[in-house]
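A quick write-up on the structure given underneath.
Number of protein chains: 2
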Amino acid sequence: MPKDEAVEDGARPVGISLDVRLALEEAIGYGGISSFEFAGGREPVRKAQQAIEVRRAEGALPWMDLPRLDPSPYLEFASQWRGQLDNLLVLGIGGSALGTSALGTALLHPYYNALPASAREGRPRLFVLDNVDPDQTSALFGMLNWERTMVNVVSKSGSTAETAAAYLMARGVLQEKLGLQRSGGDVLHRHLIFTTDPETGVLREIGRDEDITMFDVPPGVGGRFSVLCAVGLLPAALCGMDISSLLSGAQAMDERIRNEAGADNPAGAYALIQFLEYMNHGRHISVMMPYSARLRDLSDWYRQLWAESLGKAVDRSGRQLHIGPTPIKALGATDQHSQIQLYAEGPDDKIVCFLRVGCFDREAEIPRLHAEKDSLAYLGGADLGSLLNAEQKATAWALARRGRPSVRIDVPRVDAYHVGELIFMLEYATALAGELFNIDAFNQPGVELGKKATYALMGRRGYEDLAREIEG
Amino acid sequence: MPKDEAVEDGARPVGISLDVRLALEEAIGYGGISSFEFAGGREPVRKAQQAIEVRRAEGALPWMDLPRLDPSPYLEFASQWRGQLDNLLVLGIGGSALGTSALGTALLHPYYNALPASAREGRPRLFVLDNVDPDQTSALFGMLNWERTMVNVVSKSGSTAETAAAYLMARGVLQEKLGLQRSGGDVLHRHLIFTTDPETGVLREIGRDEDITMFDVPPGVGGRFSVLCAVGLLPAALCGMDISSLLSGAQAMDERIRNEAGADNPAGAYALIQFLEYMNHGRHISVMMPYSARLRDLSDWYRQLWAESLGKAVDRSGRQLHIGPTPIKALGATDQHSQIQLYAEGPDDKIVCFLRVGCFDREAEIPRLHAEKDSLAYLGGADLGSLLNAEQKATAWALARRGRPSVRIDVPRVDAYHVGELIFMLEYATALAGELFNIDAFNQPGVELGKKATYALMGRRGYEDLAREIEG
Numbered sequence: 164m165p166k167d168e169a170v171e172d173g174a175r176p177v178g179i180s181l182d183v184r185l186a187l188e189e190a191i192g193y194g195g196i197s198s199f200e201f202a203g204g205r206e207p208v209r210k211a212q213q214a215i216e217v218r219r220a221e222g223a224l225p226w227m228d229l230p231r232l233d234p235s236p237y238l239e240f241a242s243q244w245r246g247q248l249d250n251l252l253v254l255g256i257g258g259s260a261l262g263t264s265a266l267g268t269a270l271l272h273p274y275y276n277a278l279p280a281s282a283r284e285g286r287p288r289l290f291v292l293d294n295v296d297p298d299q300t301s302a303l304f305g306m307l308n309w310e311r312t313m314v315n316v317v318s319k320s321g322s323t324a325e326t327a328a329a330y331l332m333a334r335g336v337l338q339e340k341l342g343l344q345r346s347g348g349d350v351l352h353r354h355l356i357f358t359t360d361p362e363t364g365v366l367r368e369i370g371r372d373e374d375i376t377m378f379d380v381p382p383g384v385g386g387r388f389s390v391l392c393a394v395g396l397l398p399a400a401l402c403g404m405d406i407s408s409l410l411s412g413a414q415a416m417d418e419r420i421r422n423e424a425g426a427d428n429p430a431g432a433y434a435l436i437q438f439l440e441y442m443n444h445g446r447h448i449s450v451m452m453p454y455s456a457r458l459r460d461l462s463d464w465y466r467q468l469w470a471e472s473l474g475k476a477v478d479r480s481g482r483q484l485h486i487g488p489t490p491i492k493a494l495g496a497t498d499q500h501s502q503i504q505l506y507a508e509g510p511d512d513k514i515v516c517f518l519r520v521g522c523f524d525r526e527a528e529i530p531r532l533h534a535e536k537d538s539l540a541y542l543g544g545a546d547l548g549s550l551l552n553a554e555q556k557a558t559a560w561a562l563a564r565r566g567r568p569s570v571r572i573d574v575p576r577v578d579a580y581h582v583g584e585l586i587f588m589l590e591y592a593t594a595l596a597g598e599l600f601n602i603d604a605f606n607q608p609g610v611e612l613g614k615k616a617t618y619a620l621m622g623r624r625g626y627e628d629l630a631r632e633i634e635g
Numbered sequence: 164m165p166k167d168e169a170v171e172d173g174a175r176p177v178g179i180s181l182d183v184r185l186a187l188e189e190a191i192g193y194g195g196i197s198s199f200e201f202a203g204g205r206e207p208v209r210k211a212q213q214a215i216e217v218r219r220a221e222g223a224l225p226w227m228d229l230p231r232l233d234p235s236p237y238l239e240f241a242s243q244w245r246g247q248l249d250n251l252l253v254l255g256i257g258g259s260a261l262g263t264s265a266l267g268t269a270l271l272h273p274y275y276n277a278l279p280a281s282a283r284e285g286r287p288r289l290f291v292l293d294n295v296d297p298d299q300t301s302a303l304f305g306m307l308n309w310e311r312t313m314v315n316v317v318s319k320s321g322s323t324a325e326t327a328a329a330y331l332m333a334r335g336v337l338q339e340k341l342g343l344q345r346s347g348g349d350v351l352h353r354h355l356i357f358t359t360d361p362e363t364g365v366l367r368e369i370g371r372d373e374d375i376t377m378f379d380v381p382p383g384v385g386g387r388f389s390v391l392c393a394v395g396l397l398p399a400a401l402c403g404m405d406i407s408s409l410l411s412g413a414q415a416m417d418e419r420i421r422n423e424a425g426a427d428n429p430a431g432a433y434a435l436i437q438f439l440e441y442m443n444h445g446r447h448i449s450v451m452m453p454y455s456a457r458l459r460d461l462s463d464w465y466r467q468l469w470a471e472s473l474g475k476a477v478d479r480s481g482r483q484l485h486i487g488p489t490p491i492k493a494l495g496a497t498d499q500h501s502q503i504q505l506y507a508e509g510p511d512d513k514i515v516c517f518l519r520v521g522c523f524d525r526e527a528e529i530p531r532l533h534a535e536k537d538s539l540a541y542l543g544g545a546d547l548g549s550l551l552n553a554e555q556k557a558t559a560w561a562l563a564r565r566g567r568p569s570v571r572i573d574v575p576r577v578d579a580y581h582v583g584e585l586i587f588m589l590e591y592a593t594a595l596a597g598e599l600f601n602i603d604a605f606n607q608p609g610v611e612l613g614k615k616a617t618y619a620l621m622g623r624r625g626y627e628d629l630a631r632e633i634e635g
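One line per chain: the protein sequences are A and B, in this order.
In this text, residue positions in the first sequence follow the working numbering: the first is 164, and each later residue adds one.
In this text, residue positions in the second sequence follow the working numbering: the first is 164, and each later residue adds one.
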């Protein structure tokens, strides 16, 4: 059951919506998507959706089932631990980290980790360590009270080099500071959890040997589509986020997409616009620009989703094409003072997606001061949120005046329900775009070579020949 | 005098260096920059540098004088305030914020704001508020102990809407909480500083009327070139960063650029590679990818520098061209698990610049645990920094194998001296690239329309017609 504020009297909350008007020729003139063009895309999108639903029915796309996951194991685990932890340290990279960061930034207090413990109501601070920087890692490890720290190692394979290194480092500190023993019993249980493949991989092996608490990444769910399983839900629950509403929102979006065919639902319309901009208009850069500081890390999550899913060398019949839009993160209003000069005057190679919040959680009226100064007085009495939204509207309008397209996703509130909707909409849109581009949206063959090269340079057994090739 | 660790026995530290080999045809094959091509660019770069030096001599480029600024006023101010502040709240946006954030992330403890007060040695936490998000602003304002907070309002014009709104909000809180009076005396002095134009603008007027402490943005220094004046130096000094070394590094880089003509110095070579990639090879996306978490916000600073300077509608004779590379921020090794699939297999439209750190500040040896597990054992005994640098090398090599170009800036250490070098190198490279593209790198006409539209939507006097046009 959704427990969010957005749900009143048991009614389903108003959902997010997509406005594509400022991408159309009607609004921005030559260079916009024509009505014929958009209409011509309806049938391909309908077919794409059909193809995805067939694959879902075959069980080939298990990430699509995640909205119906039972959240209770995570909620129970979180309630057991409430009041006992100061810190939750998540060790993961890519899809094992970006979703958790996105949820934390969107749904926790904007300065959550800086709050006094009392304001966190028995929940731990959240640290997502998704790099192997020695300065950052040592600094963080030196700062934590390990007696009250839980380490959640998140890796489907268990052997991702960065996560493995961070795990070894953290385990080393736990052993040193708390006398954690191999096959360790209580101390181990209090400080380590693994989120990994239910059957295979080195973390699963260690977890079995040492009786460590483990949660599953369901088989067939790739990293970048995993935020709505244990990967994201467990840290979210531990930090007190409303994961039931998160899943309800995702589920509502899923139903809506299935009830409204193709380009009539927001995922279909989004995928179609992005596809047409890329193929027909040469706009190879896709900017995600939330006008909400709390949604900024959702852009980073999306950046992986979009780039890794759609950036591909070959189509599904193996033909070379080297295709894929480049996603960019921008933040309104901040990046108006950094990127808008380029977006407005530079090459016409971008499609901007704005995220606009309907109702902010906090009111912030600008006080009426310096009434005698024209350049300040007009702000007095306005709410900060209305200024932020005016900036979004002004920017979209100014881009449109120059023939530069944008779409807008309206997010009624930044809460768990609507973030769930947004996540599932963008995931579904990614799958649809994969169909339209005729590529495999669910693999990532291009990262293998670099991974192997890292193994080789680090002296891993079996990679000696490659090491010689690189060093030579 | 430089006071950094990098400076030993009074000798000048080893400087940063640029390695362009993996952008060249010799290394990556067809699609790389040929030796003829690079050689052909030498004369244009030499001329570009000459033109810049002529303009500098005429006094037209005052940002170039900043490395020789006297840091003592900032150091003195900081030493007066030492031990008296818990928080420094910087209110600014774009060039008034990005440089300060970049310095803080690079030169302070990686979790500086989360440190206990004692570990900060009498220096304040640093909050750079560069947005008008009501949730973020209210949350931050509600959390600060205002009795021990100093607000530094940074705006050259004084009337930037976002900064003006944040200033009014902060002033409102100060008045409410601390009884700050207009023409206020001591309380005012203890909590407000303005960094603004030395002569004009609304902040200067208010500061004069109310006798508020003010620091100057030197005339003719644009926001994105202002980090080495009061804009960045004042907050840096208050938080204990070594601004003398920062300026020394910038100065050393300036001398080096002037002593080594054109493409022989790193700024010239960098600008030339970027220009050739854009014009001759269709690589319109410029990725800045530090392999150091501490340098991540320097990418955001660079993103503004590069985008706003080079993204232009017209050349210097007024001819329409709509030109400019799109800068992208990526972070190694994190974004290997997010963006590298696209960079390796997607369109060949990117030039990647890696930043690689020679010597990290902290050692972090990976412990030898799970020696029986092949997929973990190879990491034991290695330093985390060597893993990070192996990842960089592996990624560059894997991209090169696919014919994708990269350059690498080697940063001996992440300290004030080398960050100063890096900043000035990239600023000078921007000016050179502007010459090569034949555009004005120092204006930003494309942001005006959006600014006016915001005024109109917020009901500012004089913008009524525009408001009707937008709403109509």
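Ideal Cβ positions, reconstructed from N, Cα and C, are used throughout, including at glycine.
Here the structure is a predicted model, which means the values were calculated and not measured.
Between leucine 547(A) and isoleucine 529(A), the beta carbon gap of about 6 angstroms places them in contact (Cβ cut-off 8 angstroms). Rounded to the nearest angstrom, the gap between the Cα atoms of glycine 613(B) and valine 390(B) is 25 angstroms. With distances taken between CA atoms, lysine 513(B) lies nearest to Leu562(B) out of Val520(B), Ala260(B), Leu562(B), Leu484(B). For alanine 280(B), no Cβ of chain A is located within less than 8 angstroms of the residue's own Cβ. Put simply, the CB of lysine 340(B) is far from chain A, with every gap to its CB atoms at 8 angstroms or more.
The Cβ-Cβ distance between serine 322(A) and glycine 364(A) falls below 8 angstroms. Distance between glycine 257(A) and glutamate 200(B), taken at the CA atoms: about 38 angstroms. Between the region 504-520 of chain A and the region 457-472 of chain B, the count of Cβ pairs shorter than 8 angstroms is three or higher; the stretches touch.
Using beta-carbon distances, alanine 534(B) does not count as an interface residue toward chain A, since no partner is under 8 angstroms. Using a Cβ-Cβ cut-off of 8 angstroms, phenylalanine 523(A) is close to Asp296, Pro297, Asp298 of chain B, given in chain order. Using a Cβ-Cβ distance cut-off of 8 angstroms, the region 428-440 of chain B and the region 584-601 of chain B are in contact, since at least three pairs of beta carbons, one from each stretch, lie closer than that value.
When rounded, the separation of the alpha-carbon atoms in glycine 203(B) and glycine 425(B) is 12 angstroms.
Interface flag for tyrosine 465(A) against chain B is unset, since no Cβ pair is found closer than 8 angstroms. Under the 8 angstroms criterion on CB atoms, histidine 581(B) is classed as non-interfacial with respect to chain A.
Note that the C-beta distance between leucine 252(B) and threonine 312(B) is below 8 angstroms. Rounded to the nearest angstrom, the Cβ distance from aspartate 524(B) to valine 577(B) is 7 angstroms, consistent with a contact under 8 angstroms. Ranked by Cα distance from isoleucine 406(A), the first of Ile375(A), Asn315(A), Ala545(A), Glu239(A) is Glu239(A).
Fewer than three pairs of CB atoms, one per stretch, sit closer than 8 angstroms, so the region 609-624 of chain A makes no contact with the region 437-456 of chain A.
For asparagine 443(A), there is no enclosing beta strand (DSSP E); the enclosing alpha helix (DSSP H) covers residues 429-444. Of the other Cβ atoms in all chains shown, 16 or more fall within 10 Å of the Cβ of cysteine 392(A); this residue is therefore buried. The C-alpha of leucine 542(A) is placed about 15 angstroms away from the C-alpha of glutamate 526(A). Residues of the region 556-568 of chain B with a C-beta less than 7 angstroms from any C-beta of chain A: Lys556, Ala557, Thr558, Trp560, Ala561, Arg564, listed in chain order. By the Cβ-count criterion, valine 217(A) is exposed, with fewer than 16 other Cβ atoms from all chains shown falling within 10 Å of its own Cβ. Between leucine 518(A) and alanine 493(A), the alpha-carbon positions lie close to 11 angstroms from each other. Residues of the region 433-451 of chain B with a C-beta atom less than 8 angstroms from some C-beta of chain A are His447, Ile448, listed in chain order.
Annotation note: the region 566-614 of chain B contains the following uninterrupted beta strand (DSSP E) runs of length 3 or greater, listed N- to C-terminal: 569-574. With fewer than 16 other CB atoms across the displayed protein chains lying within 10 angstroms of its CB, serine 480(B) is exposed. For cysteine 516(B), the beta-bridge partners assigned by DSSP are Met451(B), Val570(B). Of the candidates Gln607(B), His500(B), Ser569(B), Gly395(B), the residue whose Cα lies closest to the Cα of valine 477(B) is Gln607(B). Per DSSP, glutamine 504(A) is one residue of the alpha helix (DSSP H) stretching across 503-508.
Within the same chain, Val336 come within 6 angstroms of phenylalanine 304(A) by CB-CB distance, once the 5 residues on both sides are set aside. In this structure, isoleucine 179(B) sits away from leucine 185(B), with a CB-CB distance that is not shorter than 8 angstroms.
Secondary structure in the region 165-238 of chain A: the beta strand (DSSP E) runs of 3 residues or longer, each lying completely within the stretch, are 180-182 in chain order. Between the C-alpha atoms of valine 177(B) and proline 575(B) there is a straight-line separation of about 7 angstroms. Straight-line measurement puts the Cα of arginine 459(B) at about 40 angstroms from the Cα of serine 197(A). By alpha-carbon distance to serine 501(B), the top candidate from Ala277(A), Pro287(A), Asp293(A) is Asp293(A).
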